[in-house]
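A.B. asks: Position 100 (the sequence shown) corresponds to 116 in the working numbering; numbering is contiguous. The beta carbon of each residue, even a glycine, is placed where N, CA and C say it ideally should be. Predicted model only: the values in this text are computed from it and were never measured.
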Amino acid sequence: MSDLQQLIQASRLYYELGETQSRVAELLGVTRPQVSRLLKRARAEGVVEIRIVDQAAAESPAGDQLRRRFGLAAVHLAPALVGPEEISRRMIGRLAADVLRGAIRDGAVVGIGEGASISAMADAVAADEPIHETGATVVPLAGGYWFAGPAREPFRRVADGIGGMAMGLLAPGLVDDPATKSALVAHAGVRRILELWDRLDVAVFGIGGPIWTAAALGADAAAELDRSGAIGEVLVCPFDIDGRFVCDSLRDRTIAFDARELARIPVRIGVAGGAVKVRPILGGLRGGLLTMLVTDQRTAEAVLALDEEGLDSGAGG
17 MSDLQQLIQA SRLYYELGET QSRVAELLGV TRPQVSRLLK RARAEGVVEI RIVDQAAAES
77 PAGDQLRRRF GLAAVHLAPA LVGPEEISRR MIGRLAADVL RGAIRDGAVV GIGEGASISA
137 MADAVAADEP IHETGATVVP LAGGYWFAGP AREPFRRVAD GIGGMAMGLL APGLVDDPAT
197 KSALVAHAGV RRILELWDRL DVAVFGIGGP IWTAAALGAD AAAELDRSGA IGEVLVCPFD
257 IDGRFVCDSL RDRTIAFDAR ELARIPVRIG VAGGAVKVRP ILGGLRGGLL TMLVTDQRTA
317 EAVLALDEEG LDSGAGG
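1. Given MET183, which residues of its chain have a CB within under 8 Å of its CB, disregarding the five upstream and five downstream residues?
2. Per DSSP, what kind of secondary structure is VAL262 in: helix, strand or coil?
3. Report back the beta-carbon spacing between ILE271 and LEU200 to the nearest angstrom; my notes put them in contact at under 8 Å.
4. Could you name the residues of the same chain whose beta carbon sits closer than 8 Å to that of GLU35, not counting the 5 residues immediately before and after it, in chain order?
5. Taking only three categories from DSSP, how would you classify PRO194?
6. If you compare alpha carbons, which of ALA321, ASP193, GLY299, ALA238 is closest to VAL250?
7. Starting from the C-beta of LYS197, find all residues in its chain whose C-beta is less than 8 Å away, skip the five residues before and the five after it, and write them out in chain order.
8. Would you mind reading off the limits of the beta strand (DSSP E) that contains LEU309?
9. How many Å lie between PHE221 and GLU169 at the Cα?
10. Could you check what DSSP says for VAL292 in three-state terms: helix, strand or coil?
11. Helix, strand or coil, according to DSSP, for ARG48 in the structure here?
12. State yes or no: is the C-beta of GLY159 within less than 7 Å of the C-beta of ALA187?
13. Please state if the CB of ALA60 and the CB of LEU23 are separated by a distance shorter than 7 Å.
14. Return the residue from the list THR307, LEU306, ILE297, LEU309 that minimises the CA-CA distance to ALA318.
15. Can you have a look at MET137 and say buried or exposed, based on whether 16 or more other CB atoms are within 10 angstroms of its CB?
16. How big is the Cα-Cα spacing for GLY109 and CYS263?
17. Tell me, please, whether the region 279-288 touches the region 303-317 by the rule of three or more beta-carbon pairs shorter than 8 Å.
18. List the whole-angstrom C-beta distance separating ASP117 from ILE178, where the pair is believed to meet the contact cut-off of C-beta under 8 Å.
19. Is PRO282 buried or exposed, if buried means 16 or more other CB atoms sit within 10 Å of its CB?
20. Whole-angstrom Cβ separation of VAL46 and ILE120, contact assumed at under 8 Å?
21. Please report the Cβ distance between LEU322 and ARG302, rounded to the nearest whole angstrom; I am assuming they are in contact, meaning their Cβ atoms lie under 8 Å.
22. Would DSSP call MET137 helix, strand or coil?
23. So if DSSP puts MET107 in a beta bridge, which residue, or which two residues, is it bridged to?
24. Whole angstroms are fine: how far does the CA of PRO77 sit from the CA of PHE273?
25. For ARG83, which residues in the same chain have their Cβ closer than 6 Å to its Cβ, ignoring the five residues on either side in sequence?
26. For LEU93 versus ALA316, is the C-beta distance shorter than 7 Å?
Below, the structure written as structure tokens:
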């Protein structure tokens, strides 16, 4: 029996006839772990294709309503699954990976943010073999240090997955004072990334919630954010419920792509989901920070409901 025939036979026994992996192993004269590997290969190589028909998601108008209301190019909704937040994050990450692959053109300059959803997306991109070498240049959108065990930074994982070249930024995302920032951005290695930011074709970033503290930002900046009504942030740049950027003093201390300049990037993909991200997503949409949104169905419906509340009360935009 050829290798391909074995893949097909294992797949038919397991998927079409409903045999257990142990029974398939017995019939083929192999071990159960070998059957598990065969079934995994069958899916990876296209011998087996699994299609899930989610009628509820197909009938949900939330994505189209968000797209039309906020003038987006596209809204992509992952199913809202019951279970730990990590499951929903992985679903959103997988969907965002597909969206990113479809947005990248050969030779593009791609900026990748950080955060849990972006890391999940990077995992999904890196899990698949690149279809071809895109020749894309992939850079981080902010400085920082990645502490996630053995995992590489999200932008490096994305570069691996799309057949591109990663270029790192050796600088923190937030420094103590403007003088330190000025000294760092004068460094040739940092300047190289700043120049690539001027040429970005695609940016993918998370939409963060209000998690700032005095210990992280300094007492003055944290107090300023509290007074300003900040409800979220992108690229270390806080904004209010209407997407207006606040806390100018913080901007003087950050080494990140200036979120005020996002509008000049043709493709801007925001990735976020969950109850704590509803207000930040709405602020980002009202501020026109993104051209595409990747979230889950439940979050999308909550964003629409919150926007309706604001419109009914005469608040918001």
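C.D. replies: Well, looking at it:
1. In the sequence shown, residue 183 corresponds to position 167, counting from 1. Cβ neighbours of MET183 beyond the five flanking positions: THR153, VAL154, VAL155, ARG208, ILE209, LEU212.
2. One-based indexing of the sequence shown puts residue 262 at position 246. Note: VAL262 maps to coil in three-state DSSP.
3. Taking the sequence shown and counting its residues from 1, one reaches residue 271 at position 255. Taking the sequence shown and counting its residues from 1, one reaches residue 200 at position 184. Going by Cβ atoms, the distance from ILE271 to LEU200 rounds to 6 Å, so yes, they are a contact pair.
4. Along the sequence shown, one-based indexing puts residue 35 at 19. Excluding positions up to five away in sequence, the list reads LEU29, LEU43.
5. Walking along the sequence shown from the start, residue 194 turns up at place 178. Correct three-state label for PRO194: helix.
6. Counting from one through the sequence shown, the residue named residue 250 turns up at place 234. Among ALA321, ASP193, GLY299, ALA238, the Cα nearest to that of VAL250 is on GLY299.
7. Taking the first residue of the sequence shown as position 1, residue 197 is located at position 181. Same-chain partners within the cutoff: VAL191, ASP268, ARG269, THR270, ILE271.
8. Within the sequence shown, numbered from 1, the residue matching residue 309 stands at position 293. Segment 308-312, the beta strand (DSSP E) holding LEU309.
9. Counting from 1 along the sequence shown, the entry for residue 221 is found at position 205. Counting from 1 along the sequence shown, the entry for residue 169 is found at position 153. Rounded to the nearest angstrom, the two C-alpha atoms are 14 Å apart.
10. For the purposes of this step, residue 292 is taken as the residue at position 276 of the sequence shown. It is helical.
11. Here residue 48 refers to the residue found at position 32 when the sequence shown is read from its first residue. Of the three classes helix, strand and coil, the one that applies to ARG48 here is helix, per DSSP.
12. Counting from one through the sequence shown, the residue named residue 159 turns up at place 143. Counting from one through the sequence shown, the residue named residue 187 turns up at place 171. Contact: yes.
13. By 1-based counting over the sequence shown, the position of residue 23 is 7. By 1-based counting over the sequence shown, the position of residue 60 is 44. Not a contact, by the Cβ cut-off of 7 Å.
14. Against the sequence shown, residue 318 aligns to sequence position 302. It is ILE297 whose Cα lies nearest to the Cα of ALA318.
15. Sequence index remark: in the sequence shown, residue 137 carries index 121 (1-based). Under this definition MET137 is a buried residue.
16. Here residue 109 refers to the residue found at position 93 when the sequence shown is read from its first residue. Here residue 263 refers to the residue found at position 247 when the sequence shown is read from its first residue. Looking at the two C-alpha atoms, the distance is approximately 30 Å.
17. yes
18. Residue numbering aside, residue 117 sits at position 101 when the sequence shown is read from its first letter. Residue numbering aside, residue 178 sits at position 162 when the sequence shown is read from its first letter. First, the residue type needs correcting, since residue 117 is Arg and not Asp in the sequence shown. Right, the Cβ-Cβ distance comes to about 7 Å (below 8 Å), so this counts as a contact.
19. Here residue 282 refers to the residue found at position 266 when the sequence shown is read from its first residue. Exposed is the call here.
20. In the sequence shown, residue 46 corresponds to position 30, counting from 1. In the sequence shown, residue 120 corresponds to position 104, counting from 1. Wrong, their Cβ atoms sit about 40 Å apart, outside the cutoff.
21. Here the question's residue 322 lines up with position 306 in the sequence shown. Here the question's residue 302 lines up with position 286 in the sequence shown. Not a contact, Cβ separation roughly 11 Å.
22. Walking along the sequence shown from the start, residue 137 turns up at place 121. Looking at MET137 - three-state DSSP - the assignment turns out to be helix.
23. Along the sequence shown, one-based indexing puts residue 107 at 91. Answer is none; MET107 lacks a bridge partner.
24. Residue 273 sits at position 257 when you count from the first residue of the sequence shown. Residue 77 sits at position 61 when you count from the first residue of the sequence shown. If I take the Cα positions, the gap works out to 34 Å.
25. What you label residue 83 is simply residue 67 of the sequence shown in a count that begins at 1. If we look at ARG83 and ignore the five residues flanking it on each side, its Cβ neighbours are VAL91.
26. Start at 1 with the first residue of the sequence shown, and residue 93 comes out as number 77. Start at 1 with the first residue of the sequence shown, and residue 316 comes out as number 300. Yes. Within cutoff.
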